[in-house]
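Note that the sequence shown covers residues 1 to 701 in this note's numbering. Presented below is the structure to which this report refers.
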Amino acid sequence: LLDAAMHAPMVIADRSGSGEGTFLPFVWNQVSLHASGATRLRVRLTQPGKDALALEVADEGGRPVLSVGSMVGRPVTAEQLGSADSAGLLEVEWRPVAVEPGGEVEWVGWDVAAAEAEGAEAEVVVLDCGGVVGDEMPLVVRSVVDRVLGAVRGVLVGGSRLVVVTRGGVAVSSGEGVVVSQAPVWGLVRAAEAENPGRFVLLDLAAGEDVAGVLTSVVASGEPEVAWRKGEALVPRFRRREAAEAGAPPFGDGAGTVLVTGGTGGLGAVVARHLVEEHGVRHLLLVSRRGPAAEGADVLRDELVELGASVTVTGCDVADRASVEKLLASVPPERPLTAVIHAAGVGDSGLVGSLTAEQWDGVLRPKADAAWHLHELTRDMPLSAFVLFSSIGGSVAAAGQANYAAANVFLDALAQHRHEEGLPATSVAFGLWSGAGAGQALGEVDISRLRRQGLPPLSVAEGLRAFDAALASGAATVTASRVDTAALRTRRGEIPALLRGLVPASRRLSREAAGGGDADGLKRQLSGLDAPERARVLTDMVRGQVAMVLGHGSAETVDPDRNFGEIGLDSLTAVELRNQLNAATGLRLPATLVFDYPTARDIATFVGSELIPEAADTDAAGHEERVRRVLTSIPLSRLRDAGLLDTLLELGGATATPRDGAEDADGPDEPGSIDAMDKNDLIDMAFNSLGLEGATWEEGN
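This is how it looks when you write it as structure tokens:
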């Protein structure tokens with residue numbers, strides 16, 4: 001409200017048309033808050049001096065809310081605004097959070113399947129990832145991932161929550177070591193939680209810490225990610241990182257060779273141009289699976305040569321250690337390797353329960369395995385830079401890409417590990433680049449989803465500025481992404497824990513966190529409607545959510561009776577639709593929602609029965625009564641002519657002719673003749689056959 005009130009005076013202050021830029025608040029003096037909670041404001045502005053304003057803010061009744069002795073403004077150019085926005089570096093801060101003292105844990109067993117077979121139901125399943133060791137990092141990572149993946153899939157079949165415990169899987173402070181092999185677990189479980197909110201908790205403990213002593217406190221906290229250190233719960237939050245002063249060029253004098261994996265296309269090609277044009281790199285070794293045969297590789301090489309660089313393009317499977325050894329041995333000694341840029345990687349999306357072993361291996365090999373081989377084989381080389389292209393998908397926006405998230409968190413942990421060893425390393429978790437890399441392959445539905453999540457794509461220029469800023473920061477890990485806080489504030493449901501620190505607390509968010517919000521209002525609205533109107537409101541609500549996840553402009557574009565598969569809903573948009581409906585209704589809808597109820601109207605009917613079950617029972621009873629009234633109004637001869645009479649009688653336990661020629665002494669005058677019965681006699685026959693002799697209509701019903 002205050003920001004809106006400031007728009008007019010800012011324009012007035014800049015009315016001179018000097019062209020110096022946009023006039024923005026710069027210094028605030030003598031600020032006093034007198035009250036909070038006002039929903040309408042009256043703002044009085046005076047001008048105590050040049051380029052300064054004084055404010056008096058009151059509510060509708062004239063009571064003071066806020067006063068500002070003076071606010072001094074200054075012009076800001078478009079270039080300055082662009083620079084501030086594009087730097088956009090974020091870092092993870094581990095903040096203490098208050099938790100309730102731990103209660104006692106009742107263990108129902110160590111084998112979940114065996115315990116459930118014996119009738120014991122666990123509210124929480126705990127999986128400790130510690131103790132998995134080995135000599136080959138790629139094999140250890142797969143062993144840990146397979147173990148966690150099995151537990152995740154098992155829990156999704158039932159209703160338990162899964163707490164996944166790592167030991168040193170994250171570093172919460174500088175100097176704290178990280179167990180690289182356990183870090184990918186955090187990416188995997190983040191994806192599972194994004195797809196199934198409220199079902200998973202990540203807990204990192206120090207070596208020797210007993211999980212039983214902290215379990216109830218952590219689960220009750222409501223936080224999906226917790227590190228426990230020295231009796232204190234710490235939670236991760238993004239915070240904006242101040243831009244660092246430009247230091248020495250990270251690539252030296254350009255005389256050495258810079259290796260770029262994934263260097264013939266996508267982000268690798270973009271960065272290769274940037275290294276030559278902006279960083280003075282003169283010798284490039286560009287590597288990809290296909291090498292010179294890759295599409296566009298020859299054009300890129302010619303372009304870089306024209307800029308004054310010597311370029312070698314070669315094919316190499318960087319996930320194969322022997323191939324990497326051979327590649328590094330090919331670097332001429334007069335131009336030794338001075339920097340590594342690891343930009344290789346592929347994506348292969350799928351829900352966490354459906355990803356195959358081949359999909360996991362296909363994503364881990366070029367990203368995680370290759371990074372580890374490069375780390376080990378260059379450890380003794382005097383590198384000036386070791387840059388890993390990670391992704392924000394390892395921390396947020398991970399739904400549908402558990403394998404990709406795990407691989408990227410591995411890169412982040414590897415960079416931290418190298419820093420601990422005194423080696424150069426920078427892992428940059430980029431947001432999506434528009435027009436480069438994965439951004440070229442995404443459709444409008446995917447882009448719209450990211451925008452709704454508050455993570456709009458980076459332009460190529462923004463991405464390159466973030467690349468430079470990350471190198472200048474000196475940090476082991478940073479995140480480079482645009483964050484639309486306005487979109488985050490309007491995001492329905494839970495904001496990912498990592499992003500909460502970027503969004504100021506609001507009344508709406510607080511209400512939703514407390515369990516209120518839209519769901520309560522919807523239920524109140526429905527309770528006052530009759531059945532047809534209730535169905536219309538719910539169907540329109542579901543159509544609106546479907547339109548949103550598909551990127552349509554209006555709910556009117558969604559046919560309520562058309563199958564979801566026919567209108568473009570895939571597994572990932574199905575997850576988003578279910579999560580949006582969970583937030584809108586307050587329900588926990590099944591993971592198979594769109595398969596069990598394949599149209600908007602089907603979902604609306606199901607949601608209505610879950611929200612107001614008594615209304616659904618009333619509707620069903622009313623429908624049954626109407627059917628009974630219709631049946632009793634139909635002449636028996638018409639039922640016989642239609643071939644329905646025998647079927648109805650069999651359902652009621654009676655037949656149109658006596659069995660075995662037996663006579664019914666208590667029956668009508670002509671016991672074998674249906675024509676001799678009236679409707680009440682027919683109903684009595686059905687009741688008698690069911691053991692309900694003498695029952696009234698209501699009792700029989």
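Glycine is no exception: its CB is placed at the ideal position from the N, C-alpha and C atoms. Treat the numbers as computed from the prediction; the structure is a model and nothing was measured.
Beta-carbon proximity list for Met6, same chain, < 6 Å, skipping 5 on both sides: Along the sequence shown, read from residue 1 onward, the residue named residue 6 stands at position 6. Once the five neighbours on either side are set aside, Met6 has no close Cβ partner at all.
Give every residue of the same chain whose Cβ lies closer than 7 Å to the Cβ of Ser384, excluding the five residues on either side of it in the sequence, and list them in chain order. As a first step, residue 384 is located in the sequence shown; it is residue number 384 there, counting from the start. Contacts found: Pro250, Phe251, Gly252, Thr338, Ala339, Pro424.
Among His34, Pro75, Arg74, the one whose alpha carbon lies nearest that of Val68: In the sequence shown, residue 68 corresponds to position 68, counting from 1. Among His34, Pro75, Arg74, the Cα nearest to that of Val68 belongs to His34.
Ala429 to Phe200, Cα distance in whole Å? Within the sequence shown, numbered from 1, the residue matching residue 429 stands at position 429. Within the sequence shown, numbered from 1, the residue matching residue 200 stands at position 200. Distance between the alpha carbons of Ala429 and Phe200 is about 23 Å.
Closest to Leu569 by CA distance: which of Pro590, Ala547, Gly586 is it? Taking the sequence shown and counting its residues from 1, one reaches residue 569 at position 569. Of Pro590, Ala547, Gly586, the residue nearest in Cα terms is Ala547.
Skipping 5 residues on each side, what residues in its chain have a beta carbon closer than 7 Å to that of Arg190? As a position in the sequence shown, residue 190 is number 190, starting the count at 1. Excluding sequence neighbours, Arg190 sits near Ser395, Ala398, Ala405.
Exposed unless 16 or more other CB atoms sit within 10 angstroms - verdict on Leu2: The residue given as residue 2 occupies position 2 in the sequence shown. Its Cβ having fewer than 16 others within 10 Å, Leu2 is exposed.
Cβ separation of Gly134 and Arg167, assumed to be a contact under 8 Å, to the nearest whole Å: In the sequence shown, residue 134 corresponds to position 134, counting from 1. In the sequence shown, residue 167 corresponds to position 167, counting from 1. Not really, about 16 Å apart at Cβ, beyond 8 Å.
Can you have a look at Asn196 and say buried or exposed, based on whether 16 or more other CB atoms are within 10 angstroms of its CB? Against the sequence shown, residue 196 aligns to sequence position 196. Buried is the call here.
So who's on the other strand from His342, going by DSSP bridges? As a working note, residue 342 is residue 342 in the sequence shown. For His342, which the question treats as bridged, DSSP gives the partners Thr261, Leu388.
Compute the Euclidean distance between the alpha carbons of Pro703 and Asp468, then round it to the nearest angstrom. A query on residue 703 cannot be resolved here, the shown segment of the chain reaching from 1 to 701 and no further.
Between the CA atoms of Arg578 and Arg511 - distance to the nearest angstrom: Looking up residue 511 in the sequence shown gives position 511. Looking up residue 578 in the sequence shown gives position 578. Note that Arg511 has pLDDT 38, beneath the 50 cutoff, so the model's placement of it is unreliable and no number is given.
With DSSP run on the structure shown, which of helix, strand or coil describes Ala207? Along the sequence shown, one-based indexing puts residue 207 at 207. Residue state, collapsed to three classes: coil.
I'd like the span of the alpha helix (DSSP H) that includes Val125, first residue to last. Position 125 of the sequence shown holds residue 125. Counting along the chain, Val125 falls outside any alpha helix (DSSP H), though it belongs to the beta strand (DSSP E) covering 124–128.
Which word fits Thr378, buried or exposed, when buried means at least 16 other C-beta atoms lie within 10 angstroms of its C-beta? Sequence index remark: in the sequence shown, residue 378 carries index 378 (1-based). Counting Cβ neighbours within 10 Å, Thr378 comes out buried, since at least 16 surround it.
Let me know the secondary structure DSSP gives Phe251 once reduced to three states. Numbered from 1 along the sequence shown, position 251 holds the residue referred to as residue 251. Reduced to three states, the DSSP call for Phe251 is coil.
From the DSSP output, read off the bridge partner residues of Gly49. Position 49 of the sequence shown, counted from the start, is the residue given in the question as residue 49. Gly49 pairs with Ala52.
DSSP beta-bridge partners of Glu225: In the sequence shown, the residue the question calls residue 225 occupies position 225. According to DSSP, which records beta bridges pairwise, Glu225 is partnered with Leu202.
Less than 8 Å between the CB atoms is what I'm expecting for Leu156 and Gly353, so what's the real figure, rounded? Your numbering for residue 156 matches position 156 in the sequence shown. Your numbering for residue 353 matches position 353 in the sequence shown. Rounded, the Cβ-Cβ distance is 6 Å, consistent with contact.
Since Ala343 contacts Gly268 with CB under 8 Å, what's their CB separation in whole angstroms? If you number the sequence shown from 1, residue 343 lands on position 343. If you number the sequence shown from 1, residue 268 lands on position 268. The C-beta distance from Ala343 to Gly268 rounds to 4 Å, short enough to fall under 8 Å.
Assign Ile495 to one of two classes, buried (16 or more other C-beta atoms within 10 Å of its C-beta) or exposed (fewer than that). Numbered from 1 along the sequence shown, position 495 holds the residue referred to as residue 495. By the 10 Å Cβ count, Ile495 comes out buried.
His279 lies in the alpha helix (DSSP H); which residues open and close that run? Working through the sequence shown from its first residue, we reach residue 279 at position 279. Run containing His279: 266–279, per the alpha helix (DSSP H) assignment.
Any contact of the region 218–228 with the region 298–305, i.e. 3+ C-beta pairs under 8 Å? no
Which of the three DSSP states, helix, strand or coil, is assigned to Leu453? Taking the sequence shown and counting its residues from 1, one reaches residue 453 at position 453. Rather than Leu, the amino acid found at residue 453 in this sequence is Gln. Reduced to three states, the DSSP call for Gln453 is coil.
Pick from Ala407, Met381, Leu411: whose alpha carbon is nearest that of Leu388? Here residue 388 corresponds to residue number 388 of the sequence shown, with the count starting at 1. Taking only the C-alpha atoms, the option nearest Leu388 is Leu411.
Residue range of the alpha helix (DSSP H) that includes Trp372: Taking the first residue of the sequence shown as 1, we reach residue 372 at position 372. 370–378 is the span of the alpha helix (DSSP H), which, as asked, contains Trp372.
Own chain residues within Cβ distance below 8 Å of Ile612, not counting five before or after: Numbered from its first residue, the sequence shown carries residue 612 at position 612. So the list reads Lys523, Leu526, Ser527, Arg534, once near-sequence residues are dropped.
Out of Met71, Gln359, Leu328, Leu205, which one is the CA nearest neighbour of Trp28? If you number the sequence shown from 1, residue 28 lands on position 28. The shortest C-alpha separation from Trp28 is found at Met71.
Could you tell me which of Val31, Lys50, Leu66, Gln30 sits nearest to Ala38, measuring between CA atoms? As a working mapping, residue 38 is identified with position 38 in the sequence shown. If we check each option's Cα against that of Ala38, Leu66 comes out closest.
Identify every run of the alpha helix (DSSP H) within the region 136–172, keeping only runs that are complete inside it and at least 4 residues long; order them along the chain. Runs found: 137–157.
Pick from Arg42, Ala52, Pro64, Val97: whose alpha carbon is nearest that of Pro75? In the sequence shown, the residue the question calls residue 75 occupies position 75. Residue Ala52 is the option with its Cα nearest to Pro75.
Whole runs of the alpha helix (DSSP H) within the region 382–428, excluding any shorter than 4 residues: The region 382–428 contains these whole alpha helix (DSSP H) runs: 402–420.
Under the rule that 16 or more other beta-carbon atoms within 10 Å means buried, what is Arg365, buried or exposed? Counted from its first residue, the sequence shown places residue 365 at position 365. By the 10 Å Cβ count, Arg365 comes out buried.
Should Ala4 be labelled buried (16 or more other beta-carbon atoms within 10 Å of its own) or exposed? In the sequence shown, the residue the question calls residue 4 occupies position 4. It is exposed - the Cβ of Ala4 has fewer than 16 other Cβ atoms within 10 Å.
Assumed close pair Gly608, Leu538 - CB separation to whole angstroms, cut-off 8 Å: By one-based count along the sequence shown, residue 608 stands at place 608. By one-based count along the sequence shown, residue 538 stands at place 538. Between Leu538 and Gly608 the Cβ distance is about 5 Å, and since that is below 8 Å, they are a contact.
To the nearest angstrom, how far is it from the Cα of Trp360 to the Cα of Arg142? As a position in the sequence shown, residue 360 is number 360, starting the count at 1. As a position in the sequence shown, residue 142 is number 142, starting the count at 1. Those two C-alpha atoms are separated by around 9 Å.
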